[in-house]
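K.L.:
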Amino acid sequence: MKPLRYTLRCALAGALLGGIAVPAFAHEPVLKCVLLDADTVRCRGGYAEGEAAPGGTIEVIAYSGQTVFSGKLDKGSILTFQRPATGYYVLFNEGPGSQAIVEHDEIGPPRANDRARWMRSRR
């Protein structure tokens, strides 16, 4: 009987600790960027569970370390900017440990099956 109680206690403790750890990942930032045309990039930021992130900070940083562009996500969590001529990455920074990065070579035109309006229209 003792091994069964020990096993049940361990299982309960693991479930409780697991339940506490899961919410820590709930607000993981997510960033998606597409090319609207050869010179224009549009990014949409949010969180892993689908929440929008209006007012979130986006920085476009050249590989030299220089910030090329900085702005805030609009009420639709979208930001559009001119594509830099040199290598760069896009940083969605929500604080220490809460960052999403998209490298310039990951940014391309929307795939044919991407039908989201924010990827298609020019605002």
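The opening residue of the sequence shown carries number 46 in the numbering used here; numbering runs sequentially from there. Where a beta carbon is used, it is the ideal one built from N, C-alpha and C, also for glycine.
#1: Based on Cα-Cα distance, which residue from Thr112, Leu80 and Arg156 lies nearest to Phe137?
#2: Under a Cβ-count criterion, where at least 16 other Cβ atoms within 10 Å of its own Cβ denotes burial, should Ala98 be classed as buried or exposed?
#3: Specify whether the segment 137-157 and the segment 72-89 touch according to this definition: at least 3 beta carbon pairs, one from each stretch, less than 8 Å apart.
#4: Would you report the Cα separation of Ala93 and Val135, rounded to the nearest angstrom?
#5: How is Glu148 classed by DSSP in three states: helix, strand or coil?
#6: Distance check for Lys120 and Glu73, CA to CA, integer angstroms please.
#7: CA-CA distance, Val75 and Gly142?
#8: So for Arg162, helix, strand or coil by DSSP?
#9: Among all the DSSP beta bridges, which residues are the ones paired with Lys75?
#10: Where do the ends of the beta strand (DSSP E) carrying Gln127 lie?
P.N.:
The short version:
#1: Out of Thr112, Leu80 and Arg156, Thr112 has the C-alpha closest to the C-alpha of Phe137.
#2: Per the 10 Å Cβ criterion, buried.
#3: Touching, per the Cβ criterion.
#4: Taken atom to atom, the span from the alpha-carbon of Ala93 to that of Val135 is near 18 Å.
#5: Three-state DSSP puts Glu148 in a strand.
#6: Roughly 19 Å between the two C-alpha positions.
#7: Roughly 13 Å between the two C-alpha positions.
#8: Here Arg162 sits in helix by DSSP.
#9: Going by the sequence as given, residue 75 is Val instead of Lys. Val75 has Gly91 as its beta-bridge partners, per DSSP.
#10: Start and end: Ile123 to Gln127.
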